[in-house]
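Structure record follows, encoded as structure tokens.
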Amino acid sequence: LEAQYERRFAGSARLYRRAIRLFPSGLTHDARYFAPFPIYAERASGAYKWDVDGHRLIDYWMGHGALLLGHGHPAVAQAVQTQLARGTHLGASHPLEVTWAELVQRLMPAAQRVRFTNSGTEATHLAMRLARAFTGRPRIVKFEGHFHGWHDYAAASAEPPPGIAREGAEATIVVPPNDPVALARVLESRQDVAAVIIEPGGGIWGEVPTTEAFVHAVRDLTLRHGVLLIFDEVVTGFRMAPGGAQEYYGIRPDLVCLGKILCGGLPGGAVAGRADVLDLLAFRDDPARDAREKVAHLGTFNANPLSAAAGIATLQEVATGRPTAIAAERADTLVRRLNEVLERRRVKGFVYGLSSWFHIHLGAEGRQDPQGRWWPVRPAPPGEDLAPHGLVQSLRRAMLLEGVDLMRNGGFLSTAHADQEIEATAQALDA
Ligand code: PMP
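According to the UniProt record's numbering, the stretch in the sequence shown is residues 4 to 434, in order.
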């Protein structure tokens, strides 16, 4: 298959030979690592992307989960073009940022205040800073295997990668996911925890699923111990429900981190949440009234008008309730069809899906719940996938040769993924 891949994607191979002299590993994002070389995409539309060799591929990356409405949704494209003609950076407060934040507030009642950032990483960085400033406590609890971006506080884990500041690693307490007793032990024994941060849809967008009961337990425990709860909704926001995981589970977090769909496929992010916490960012009319210092946060491209335009167009669609429902329904069908293929072919493994994402766990042991959804029997060891890395690569390579571009072992659906694409994907897996 590797030889076939090299022949079929010759144009990508040529670009990679140039890229390898420019970028470490030839890459601009770690998640795009792919041996012997990644594909180079040229354009995209709806549920498809086209590579430089002219192949049309069903796209399950969907802008790393940012494109709930598919590539090039007319309303989004029009909004961006209109704003492009008016200016890309106005060096001023602008009307679109107001409309944009009003939409966030309407969809997420927890968003009493909003602050736009330039990425999801910046959003979790700022949320953690706000939590420390609000509580006067230094530490953040995160769950092993949950991804919150690449800054030093988010990248801490049982085995932190090189270069992480000691203060970053020490300020972060990593506990196992889906283990309320372990979390309770930490919160009972320590007085220095500012907040607990969680990917409410599961670690690495559900690679390691998080049970609904656990998310509720995290809310109960944080309330009981007076610790803030940060929902990292960079993936789940506007996807699990128009109001994100907080609506899906009926839980009110103190702070919410947003990105991806928020900006309709353009760069950006936001922290939203309790007014009394976010107002630590506010200038004080009367500094004597409140001795606390203002929390620092800047960013040349905060709330940039192009992202605002794309974000507004996207959130207006999301507000109808249709996109999240359609994408989730299509994902359900896809998961069912893919599981049928594995079963019929007697391949060990299963496909797990929630909301509008899915993960193909080849070689892993699963069990079905009463609703028919497959779950991993054992969670993956910290920092590892359920399936060995080589198997994930082989699957991706084989699927690319069949015209499907998986994001790692699965991906995100959009409203542009219809029956035809789902059927073609099932056939590709079968092949
Ligand atoms: N949090 C979660 C849950 C994410 O999935 C991501 C990105 N995949 C981030 C934070 C970081 O966002 P960004 O890539 O925009 O920095």
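Note that CB positions come from ideal geometry on N, CA and C, so glycine has one too.
Using a Cβ cut-off of 8 Å (strictly closer), state whether residue i contacts chain D.
| i | result |
| --- | --- |
| Trp208 | Protein chains in the displayed structure number just one, and chain D is not present. |
Helix, strand or coil, according to DSSP, for residue i in the structure here?
| i | result |
| --- | --- |
| Thr418 | coil |
| Pro379 | strand |
| Phe146 | strand |
| Asp257 | coil |
| Phe234 | strand |
| Lys52 | strand |
| Thr120 | strand |
| Met410 | strand |
| Ala38 | coil |
| Ile264 | helix |
| Glu45 | strand |
| His67 | helix |
| His74 | strand |
| Asp288 | coil |
| Asp433 | helix |
| Leu30 | coil |
| Gln423 | helix |
| Ala6 | helix |
| Pro308 | helix |
| Val298 | coil |
| Gly269 | For the sequence presented, residue 269 should be read as Leu rather than Gly. Coil. |
| His128 | helix |
| Phe137 | helix |
| Gly314 | helix |
| Arg169 | helix |
| Leu25 | coil |
| Leu283 | helix |
| Thr239 | coil |
| Thr303 | coil |
Can you tell me the Cβ-Cβ gap for residue i and residue j, rounded? I've got them flagged as a contact below 8 Å.
| i | j | result |
| --- | --- | --- |
| His128 | Leu190 | At roughly 23 Å, the Cβ-Cβ gap does not stay under 8 Å, so His128 and Leu190 are not in contact. |
| Ile264 | Ile200 | At roughly 19 Å, the Cβ-Cβ gap does not stay under 8 Å, so Ile264 and Ile200 are not in contact. |
| Gly75 | Ala34 | So it is not a contact: roughly 22 Å between Cβ atoms. |
| residue 3 | Ser417 | Within the shown structure, residues of the chain are numbered from 4 to 434, placing residue 3 beyond reach of any answer. |
| residue 1 | Tyr355 | This structure leaves residue 1 out entirely; the chain is present only between 4 and 434. |
| Val55 | Ser15 | 6 Å |
| Thr327 | Arg242 | 6 Å |
| Val344 | Leu432 | 5 Å |
| Gly314 | Met111 | Not quite, the Cβ-Cβ distance comes to about 13 Å (not below 8 Å), so this is no contact. |
| Tyr51 | Ile42 | Between Ile42 and Tyr51 the Cβ distance is about 13 Å, and since that is not below 8 Å, they are no contact. |
| Ser359 | Ala330 | 4 Å |
| Val259 | Ala419 | Not quite, the Cβ-Cβ distance comes to about 27 Å (not below 8 Å), so this is no contact. |
| Thr31 | Gly302 | That belief does not hold up - the Cβ atoms of Thr31 and Gly302 are roughly 21 Å apart, past 8 Å. |
| Leu224 | Pro183 | 7 Å |
| Arg116 | Ala275 | 7 Å |
| Leu341 | Ala429 | 6 Å |
| Pro180 | His149 | 7 Å |
| Val107 | Phe146 | Their Cβ separation, rounded to whole angstroms, is 25 Å, which puts Val107 and Phe146 out of contact at 8 Å. |
| Phe415 | Gly68 | 5 Å |
Would you mind reading off the limits of the beta strand (DSSP E) that contains residue i?
| i | result |
| --- | --- |
| Leu60 | 59–62 |
| Ala78 | Looking at the DSSP string, Ala78 is not in any beta strand (DSSP E); the run it does join, the alpha helix (DSSP H), is 77–89. |
| Thr102 | Careful: Thr102 lies outside any beta strand (DSSP E), inside the alpha helix (DSSP H) at 98–110. |
| Val196 | 196–201 |
| Val177 | 175–178 |
What residue range is occupied by the uninterrupted alpha helix (DSSP H) comprising residue i?
| i | result |
| --- | --- |
| Gly272 | No alpha helix (DSSP H) contains Gly272, which is instead part of the beta strand (DSSP E) from 272–276. |
| Thr225 | 215–227 |
| Ile207 | 206–209 |
| Val189 | 183–192 |
| Val395 | 392–404 |
| Ser15 | 13–22 |
| Glu162 | Per DSSP, Glu162 belongs to no alpha helix (DSSP H) and is neither H nor E. |
| Gly247 | 247–252 |
Requested in this report: Taking only runs that begin and end inside the stretch 319–381, name each unbroken alpha helix (DSSP H) of 4 or more residues, in chain order.
Outcome: Within the stretch 319–381, the complete alpha helix (DSSP H) runs of at least 4 residues are 325–347.
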